[in-house]
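J.: Starting off with a structure, shown below.
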Amino acid sequence: MIANDAVLLAPIIVSILLAAAILAIDFALPGRKVPALAVTIGGLTLLGAVILLTGNGTAFETQGLDGPVHAYVVDPLTTFLQVLFVVIVALTVVFAPDYLEERGLPVAEFAAVLVFAMTGAMVIASSADLLVLFLGLELMVLPGYMLAGYHKTDGYSTEGAIKYFLLGSFSSAIFLFGLAFIWGLTGTTNIAEVYAKLNEIANGAAALSPGLGMGLAFLMTGVAFKIAAVPFHYWTPDAYQGSPTPVTGYLSVGPKIGAFALIIRLFGDTLGPLAADWNIVIMVLAALTMTLGNLVALTQDNVKRMLGYSSIAHTGYMLVGFAAYGQGQQLGLEGLLFYAAAYSFMNLGAFAVIAAVQKRRGVTSNLSTFAGLIRREPVLGIMMTLFLLSLTGIPPTAGFFGKFYVILAAVNAGGWLTVLAVLTMLNAAVAAFYYLRLVVYMWMREPQTEMPALRHGRLVWAGLAVTTVLTIALGLVPGVLLDIVQGAAAAATKLGG
Amino acid sequence: MTTPGLVTLVTFLPLLGAVLIAFLPSGRPQLVRYAALGVALAAWVVSLVMLVGFVASDYSIQFAESAPWIPMFGIKYAVGVDGLSLALVVLTTTLTWISILASFGPIQNRVKEYMISFLILEVGMIGVFVARDLFLFYIFWELVLVPMYLIIGIWGGKNRIYATIKFVLYTLVGSLLMLVAILATAFTYQHAQGSWADAFDVAVLTKAAAGGMFNGTFGFLAFGAFFLAFAIKVPMFPFHTWLPDAHVEAPTAGSVILAGVLLKLGGYGFIRFALPLFPEAAHTWAPLIIVLSLIGIIYGAIVALVQPDLKKLVAYSSVSHMGFVTLGIFVFQEQGLQGAMLQMINHGLITGALFLLVGIIYERMHDRTIAKMGGLGSRMPVYSAAFGFFIFASVGLPGLSGFVGEFLTLLGTFVVSPAAGAVATFVMIFAAGYLLWMFQRLAFGELSEFLSGLGSHITDMKPIEALTLVPLGALVVIFGLFPGLVLNLVAGSVDATLRAVGVAAGG
Chain L
30 MIANDAVLLA PIIVSILLAA AILAIDFALP GRKVPALAVT IGGLTLLGAV ILLTGNGTAF
90 ETQGLDGPVH AYVVDPLTTF LQVLFVVIVA LTVVFAPDYL EERGLPVAEF AAVLVFAMTG
150 AMVIASSADL LVLFLGLELM VLPGYMLAGY HKTDGYSTEG AIKYFLLGSF SSAIFLFGLA
210 FIWGLTGTTN IAEVYAKLNE IANGAAALSP GLGMGLAFLM TGVAFKIAAV PFHYWTPDAY
270 QGSPTPVTGY LSVGPKIGAF ALIIRLFGDT LGPLAADWNI VIMVLAALTM TLGNLVALTQ
330 DNVKRMLGYS SIAHTGYMLV GFAAYGQGQQ LGLEGLLFYA AAYSFMNLGA FAVIAAVQKR
390 RGVTSNLSTF AGLIRREPVL GIMMTLFLLS LTGIPPTAGF FGKFYVILAA VNAGGWLTVL
450 AVLTMLNAAV AAFYYLRLVV YMWMREPQTE MPALRHGRLV WAGLAVTTVL TIALGLVPGV
510 LLDIVQGAAA AATKLGG
Chain W
6 MTTPGLVTLV TFLPLLGAVL IAFLPSGRPQ LVRYAALGVA LAAWVVSLVM LVGFVASDYS
66 IQFAESAPWI PMFGIKYAVG VDGLSLALVV LTTTLTWISI LASFGPIQNR VKEYMISFLI
126 LEVGMIGVFV ARDLFLFYIF WELVLVPMYL IIGIWGGKNR IYATIKFVLY TLVGSLLMLV
186 AILATAFTYQ HAQGSWADAF DVAVLTKAAA GGMFNGTFGF LAFGAFFLAF AIKVPMFPFH
246 TWLPDAHVEA PTAGSVILAG VLLKLGGYGF IRFALPLFPE AAHTWAPLII VLSLIGIIYG
306 AIVALVQPDL KKLVAYSSVS HMGFVTLGIF VFQEQGLQGA MLQMINHGLI TGALFLLVGI
366 IYERMHDRTI AKMGGLGSRM PVYSAAFGFF IFASVGLPGL SGFVGEFLTL LGTFVVSPAA
426 GAVATFVMIF AAGYLLWMFQ RLAFGELSEF LSGLGSHITD MKPIEALTLV PLGALVVIFG
486 LFPGLVLNLV AGSVDATLRA VGVAAGG
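Chains L and W are the protein sequences, given in the same order.
According to my numbering, the first sequence holds residues 30 to 526 in order.
According to my numbering, the second sequence holds residues 6 to 512 in order.
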C-alpha cells in the first residue's frame, strides 16, 4: 500500500523538503535572513500540523512495496517525540539569528542544518527497524558536528567540534557493532521480530548467548556516549563551551532527547525482554551520571560549561525515569517524556538568555558577565532566574513537576529505585548550589564593567516568552501534558516487573 | 468543587498586590512602600474577618475549599483552617504588615523588589498553614524559600551571600527528602485503594494512618524524612547552624519573619503532618526528639549567654525557645501540646519584637556589640523600657504571654517524664540569666565611650518604630492575662492531634 506509506512518511518527507527549501531560498536570495527565517518557521509550523494529522492516536506501520517491510511506525509516542523535536528546533531557530549575525555567521545554512538534524531525530522516533534506527541516529548527529564547529574562526568552536566528532563517530561505530551482534544472533533487524526472539530467551526457551550479551554491552556503551552519561561524558563540556551559544542550547536538548527516543525504541521496544539484564546498568549509569555531573558543575566558573555539566546531571534524572520503566513502571516512561519536554523548554530558555547576554562579540560566558544582570537587563534576569529555579526543581515550575513525576515512578517501583530516588533528591540539593550561585551573581553582585543594555530582536523575545510561559504553565497546570505523555507512553512496549 | 472563599483570598491577596506593585514606577519608593503596606493590611483584615467568623467550638476544618487540580494523581487545590492554622495565619499577616512598616526606614535600596519579595513570602507562609493537600503544601513550603533567599541575599549584612546559600541548602536538603516521603505515602495509599483519588488529601491520609496504613518500617523512614525537613526548619539541635548566620545577616524585617513565622512552619509541620500521618513512628522517634529538644534548650541558652553580638544572642535564644515547642509536641499530652502551640504564637510575637528592637538600635549605631551599649538607658529611656518589657516577656515573667506557654509545656513534660521536666525547668533559670544579664549590660551602668562618641546620633524611638512594637506588646499582655483566648482557638487542633497519636484528650 504505497499511498498509505506515503502518508505515514509524510512528516519525514516534509521535513527533508523543508531543509531543501531553505537551501534553495538561500541560493536564490543569498545572505538574506528574513526570507530564510520565514520559510523555516512557516515550514516548521506546517510540519507540526502534518505530524499531528498523520498520528491520529493509533499505531501504524509501513507496509512496503512488495510484502511487509515494517520499517517505520507512527504511534502516539512517535507523534509526541516528533512534535517535541519540531518545537525544539523552532525555538533554536528563533533564538539564534541575533547571535549569529553579530558574528557574521550565516543564518540560512544554520536553519537548514538544524532541520536535517531534526529529520534524523524524527526518523529515530518512528523507526520500527534497527537499521532505520541507526540511519536516524547518524542523520541526527552528523549535522550536530557541523553545528558545533559552526564558528569556523573560533578555535574553541573547532576544538569542541573535533572532540565531539571523534568521540561521536567512535560511539556510533560501537553502537553499530552492537547492532551487528544482535542481527547475527537473532537473524533479523526488525524490531518486533528481535523482540519476539529475545522473548524466547527471557522465557527460558533459549539461552542468552555470550555474543548477545556482548551486543547488549556495545549498544549500551554507544547509547551512553550519545546521551553523555558518566563515564562516557567527556566530550560534552568542551563541545558545549566551544559551540556558539544557540548551538549549545540545541545540543544540550535536541540530540539528547533524540538519544532518549533511541533508548526507548531500542531498550524498550527491542530489548525489552532482557530488561532485567540491562536495567541494573541503567540504574548505575543514572546514579553515576547525576552525581558526577552535579559535583563537577559545582566547581565551574563558566556558565555554559556549568550548564553543560548540569545537562549531564539532568540526563541522570531522566535515566531514573527510564530505570523505573525498566522495572515495569509505565509511570517511569511518562515521567521521562514529561521531563524531556520540561527540560527542553527550561534549558533552551536558559541558553537563550546566555546567548542574548553574549550578543555582542567578545563577551564571555563567565559568571562575572552575569554580575548585576538584574539591574542591566531586568527582564532577562528575571527570566533566567525562573529557568534556573525550574532547573533546580523549585515549584511551581515545569522542572519541579518533571522531577516529581520521575521520583514518583522510582518510589513506586520500590527496592533499589527508592534509594535512587533519594539519591536524586540529594543531587537536586547539590545542584541548587550552583544554580543559585548564578542567581547570586545576577541579583546580589554589582556589575564589574559598565555594559549598556543591549537591544534584542523581536524573535528572541517571542521565543523567550514562549519558554517562560511553558516553564510556568507546565508546573502550574501539568494536566494537559500529562494526558499526552500517558497516551504516548502507553504506545511503547510494556515491560514486565 | 467549591467557590473560592476567604482562605483563597487571604492567601493570594498578597500575590495580587505583588503583581500590582511590579507595575508601579520604581522611581517612587514611597508609593511602593505605602502600596505594599496597604496590601499587607488588607490581608490582615481578611484574616481578622476569618478569626471573627471562626467557630472555635466546631472542631472541624472551616472555610474549607476544594477543587481538582491534577486529577490524574488525585491532587487537589484543597485549603481550609482549623484553630492552629488560623492562629498562625493571623500571626503571619500581623507580622508581615509590621515588618513592612519596619522596613520603611532601613530599606532604601531596590524598594520595589523588596516589597514584592515580602508579599510573595507572605503567600508561601499563609499557603503552608492553610493547605489541606500534601502536594499543595509542598509547593507553598518551597515557595517560601525563594523570596527569603533574595531578602537575605540582597538586603542583608556583610556576609549575606554565605548566609543565604546556607539557609537555602539546609532547608532544601530537608524538604527534598520530605518530597520523597510525601510521594511514598501517597503511593502506599494508592496501592491500598487501587486508585489515585484523594491520595494527597491530608484528612483522608490521616484517617488511613489511624487505621495503621503507614505503620512499620515504612512509617519509620517516612517519619524520618518529615522529621528532618521540619527539624531543620524549627530548627532543632543539631540542625540549627544555619539559623544564627541567617539571622545575623538578614535585614531586620527578614529576621522578624524568619523568627516569627518561618520557624513555626517546622512546628506546624510536626503537628499537622508528621504526627497524624505516622503516629506509630512518632512514638518510636519521640524519645530521641525529646532528648534533642532538651539539648537544644540547654545548648541555645548556654551559647546565647556568651554571645557578644546582640542579634546572635536573640537568634540563639530562639533555638532554646523553639526547643520548648518540640518538647511540648512530643510528650503527647494535652497541656504539653497546648503549651507548644501557645509557645509558637508567643515566640513569634516576642522574638519578632526583640528583632525589631535590635534593628532599631542597629539603625542608630551600626553596631550590635552588647559591650558597646552600656548606659543606653540614659540616652534612650523609652527604647530601653520597651526592650525591658519584651525581655521579661521572653524570660517568662508571669502575666506576660511567654510564661503561660512554657509553664504548660513544663507541666505536660512533668506528667510524662519528671526527669525531662526537671531539666527543662532548670534551664529556664539560664534563660533568665542570659537575657537579664544582656539587658543589664545594655541598659544600665556608665555610658559607654562608644555611645558618648556617637553623641546626638542616638535618639530615642521614632513614632513609626513605636507603632511597630505597640501591637506586639499589647498582644503579649493580652495573651499573658487571658491565655484562654488562644487555648480556646486551638482546642480543636489539640484534640485532633491527641486523637491522631492515640492519646485520649482531657487526660
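C-beta atoms are modelled at their ideal positions from N, C-alpha and C, and glycine is treated no differently.
With distances taken from CA atoms, which of W:GLN348, W:SER323 and W:ILE365 is nearest TRP247 (chain W)?
T.: When each option's Cα is compared against that of TRP247 (chain W), the closest is W:SER323.
J.: Measure from the C-beta of ILE423 (chain L) to each C-beta in chain W and report whether the shortest distance is under 8 Å.
T.: Yes, contact with chain W.
J.: When the cut-off is 8 Å and only beta carbons count, does TRP472 (chain L) lie next to chain W?
T.: Taking Cβ atoms only, chain W reaches closer than 8 Å to TRP472 (chain L), which makes this a yes.
J.: If LEU139 (chain W) and ILE187 (chain W) are in contact, beta carbons under 8 Å, what's the gap, nearest whole angstrom?
T.: So it is a contact: roughly 5 Å between Cβ atoms.
J.: Check each candidate in W:ALA320, W:MET349, W:ILE307 and W:SER325 and name the one with the smallest Cα separation from ILE334 (chain W).
T.: Nearest option by C-alpha distance: W:MET349.
J.: Tell me whether VAL239 (chain W) sits in a helix, a strand or coil according to DSSP, three-state version.
T.: Note: VAL239 (chain W) maps to coil in three-state DSSP.
J.: What's the call for GLN67 (chain W), buried or exposed, on a 16-neighbour Cβ count within 10 Å?
T.: Buried, because 16 or more other Cβ atoms sit within 10 Å of the Cβ of GLN67 (chain W).
J.: Should SER62 (chain W) go down as buried or exposed, given a rule of 16 or more other Cβ atoms within 10 Å for buried?
T.: Flag for SER62 (chain W) reads exposed.
J.: Ignore the nearest five residues each way along the sequence and tell me which others in LEU365 (chain L)'s own chain have a CB closer than 6 Å to its CB.
T.: MET347, GLY350 and PHE351, listed in sequence order.
J.: My assumption, with CB atoms under 8 Å, is that LEU282 (chain W) sits in contact with ALA197 (chain W). Please give the rounded CB distance.
T.: Wrong, their Cβ atoms sit about 14 Å apart, outside the cutoff.
J.: Assuming ARG294 (chain L) and SER156 (chain L) make a contact with CB atoms under 8 Å, what is their CB distance in whole Å?
T.: The Cβ separation is near 6 Å, so the contact holds.
J.: Following the continuous alpha helix (DSSP H) through GLU363 (chain L), name the residue where it begins and the one where it ends.
T.: Unbroken alpha helix (DSSP H) run through GLU363 (chain L): 359 to 386.
J.: Should HIS326 (chain W) go down as buried or exposed, given a rule of 16 or more other Cβ atoms within 10 Å for buried?
T.: The residue is buried, with at least 16 neighbouring Cβ atoms inside 10 Å.
J.: Given a cut-off of 8 Å on the beta-carbon distance, is the pair GLN338 (chain W) and VAL420 (chain W) in contact?
T.: Result yes, Cβ atoms of GLN338 (chain W) and VAL420 (chain W) sit closer than 8 Å.
J.: Does DSSP classify PHE205 (chain W) as helix, strand or coil?
T.: In this structure, PHE205 (chain W) counts as coil in the three-state DSSP scheme.
J.: What residue from L:LYS523, L:ASN232 and L:PRO275 has the CA that sits closest to GLY357 (chain L)'s CA?
T.: Cα-wise, what sits closest to GLY357 (chain L) is L:LYS523.
J.: Starting from the beta carbon of VAL451 (chain L), find every residue of chain W whose beta carbon is closer than 8 Å, and list them in chain order.
T.: Under the 8 Å cutoff, chain W gives LEU182 and VAL185.
J.: Are there 16 or more other CB atoms within 10 angstroms of the CB of TYR193 (chain L), so buried, or fewer, so exposed?
T.: It counts as buried.
J.: For PRO507 (chain L), which three-state DSSP category applies?
T.: PRO507 (chain L) falls in the coil class under three-state DSSP.
J.: May I ask you to list the residues that DSSP assigns as paired with GLN569 (chain W)?
T.: The structure shown has nothing for residue 569 (chain W), since chain W only spans 6 to 512.
J.: If you follow the alpha helix (DSSP H) that MET183 (chain W) is in, where does it begin and where does it stop?
T.: Run containing MET183 (chain W): 165 to 198, per the alpha helix (DSSP H) assignment.
J.: Just the Cα atoms here: how many angstroms apart are LEU155 (chain W) and THR169 (chain W)?
T.: If I take the Cα positions, the gap works out to 8 Å.
J.: Take TRP442 (chain W) and list the residues in its own chain whose beta-carbon comes closer than 8 Å to its own, dropping the five residues that flank it on each side.
T.: Closer than 8 Å at Cβ, skipping near neighbours: LEU310.
J.: Going by C-alpha to C-alpha distance, which of W:THR99, W:ARG38 and W:LYS81 sits closest to PRO476 (chain W)?
T.: Nearest of W:THR99, W:ARG38 and W:LYS81 to PRO476 (chain W), Cα basis: W:THR99.
J.: So with CB distances below 8 Å, who are the chain A contacts of MET77 (chain W)?
T.: Reference to chain A is not applicable here, since the protein chains of this structure are L and W.
J.: At the level of alpha carbons, what is the spacing between ASP267 (chain L) and VAL239 (chain W)?
T.: ASP267 (chain L) and VAL239 (chain W): Cα-Cα distance of roughly 44 Å.
J.: Taking all protein chains shown into account, decide if GLN270 (chain L) is buried (16 or more other Cβ within 10 angstroms of its Cβ) or exposed.
T.: The residue in question, GLN270 (chain L), is buried, as its Cβ has 16 or more Cβ neighbours within 10 Å.
J.: Under a Cβ-count criterion, where at least 16 other Cβ atoms within 10 Å of its own Cβ denotes burial, should LEU437 (chain L) be classed as buried or exposed?
T.: So LEU437 (chain L) ends up on the buried side.
J.: Would you kindly check if the distance between the Cβ of PRO302 (chain L) and the Cβ of ALA231 (chain L) is under 8 Å?
T.: Yes. Within cutoff.
J.: In angstroms, rounded to a whole number, what distance separates the CA positions of GLU167 (chain L) and SER201 (chain L)?
T.: Answer to the nearest angstrom: the Cα atoms are 8 Å apart.
J.: Does the CB of ASN331 (chain L) have a neighbour CB from chain W at under 8 Å?
T.: No, because no Cβ of chain W sits closer than 8 Å to the Cβ of ASN331 (chain L).
J.: Any idea what DSSP makes of SER156 (chain L), helix, strand or coil?
T.: It is a strand residue.
J.: Per DSSP, ASP314 (chain W) forms a beta bridge with which residues?
T.: Its beta-bridge partners are W:THR374.
J.: What does the alpha-carbon distance come out to for the pair GLU368 (chain W) and ILE396 (chain W)?
T.: Whole-angstrom Cα-Cα distance: 20 Å.
J.: If the criterion is Cβ atoms closer than 8 Å, does the pair LEU120 (chain L) and VAL408 (chain L) meet it?
T.: No, they are not a contact pair.
J.: Let me see if you follow: with CB-CB separation under 8 Å, is VAL151 (chain W) close to chain L or not?
T.: Chain L contact via Cβ: present.
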